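Presented below is the structure to which this report refers.
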Amino acid sequence: MSSENVTVDDAFTKVATTEEIPQGTGIGVDVDGIEIAVYNVEGEFYAISNRCAHQRAPLCKAGDKKINAEHTWTDTRGGVNEESCTVSCPWHLWEWDLETGEHEASGQRIGTFDTHVEDQDVYVRI
Ligand code: FES
Numbered sequence: 001m002s003s004e005n006v007t008v009d010d011a012f013t014k015v016a017t018t019e020e021i022p023q024g025t026g027i028g029v030d031v032d033g034i035e036i037a038v039y040n041v042e043g044e045f046y047a048i049s050n051r052c053a054h055q056r057a058p059l060c061k062a063g064d065k066k067i068n069a070e071h072t073w074t075d076t077r078g079g080v081n082e083e084s085c086t087v088s089c090p091w092h093l094w095e096w097d098l099e100t101g102e103h104e105a106s107g108q109r110i111g112t113f114d115t116h117v118e119d120q121d122v123y124v125r126i
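Here it is as C-alpha cells:
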C-alpha cells in the first residue's frame with residue numbers, strides 16, 4: 001500500500017532512509033519478527049510481505065544477481081516493474097501487485113502494509 005492519506009502514529013516503525021532504497025529497488029526488513037519487503041516505485045514507497053506465496057522466496061531479492069550451482073554469476077532475475085507497480089519473484093517470476101499484494105494469475109494475495117515518508121525516513125505500519 002502506498003503512503004498516500006496515511007497518518008503516522010505509534011504503529012509505524014522506521015525501516016530505512018529514502019536514500020537506502022534507490023528508485024526501482026527494494027530491501028528486506030524485519031518489523032517485530034515480520035519479514036517485509038519495501039520498494040521505491042518512482043519515489044513512492046510500498047511495503048508487502050517478503051515471502052512469495054508460491055514457495056516462500058524472499059521478494060526483497062528480486063532483481064539481484066544470483067550465483068548458480070557452478071558458482072558463476074547469472075543475470076538478474078525478477079525485479080520491480082515501475083510501470084505496472086509490481087515485483088516479480090526471483091525464483092519463478094510470479095508478479096505481485098505492490099498496491100494490493102495480488103498475484104493476478106492465481107488469485108492469491110500476500111500482505112501489504114501502509115508506508116509513510118517523513119524527513120527522508122521511511123516508515124511501515126504493521
Ligand atoms: S517462490 Fe515466488 S514464484 Fe515461486
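One point on numbering: in the UniProt record's numbering, the residue at position 2 of the sequence shown is 2, and numbering is uninterrupted.
The C-beta atom is built at its ideal place from N, Cα and C for all residues, glycine as well.
The structure presented is a predicted model; accordingly, all values stated were derived computationally and were not measured.
For residue 112 and residue 77, the gap between their C-alpha atoms comes out near 22 Å. In the DSSP assignment, residue 14 falls within the unbroken beta strand (DSSP E) covering 12-17. Bounds of any beta strand (DSSP E) do not take in residue 57, whose DSSP letter is neither H nor E. In the three-state reduction of the DSSP assignment, residue 82 falls in the coil class. Look at residue 108: its beta carbon is at least 7 Å from all of the heavy atoms in ligand 1.
Using a C-beta cut-off of 8 Å, the region 29-36 makes no contact with the region 93-106, since fewer than three inter-stretch Cβ pairs fall below that distance.
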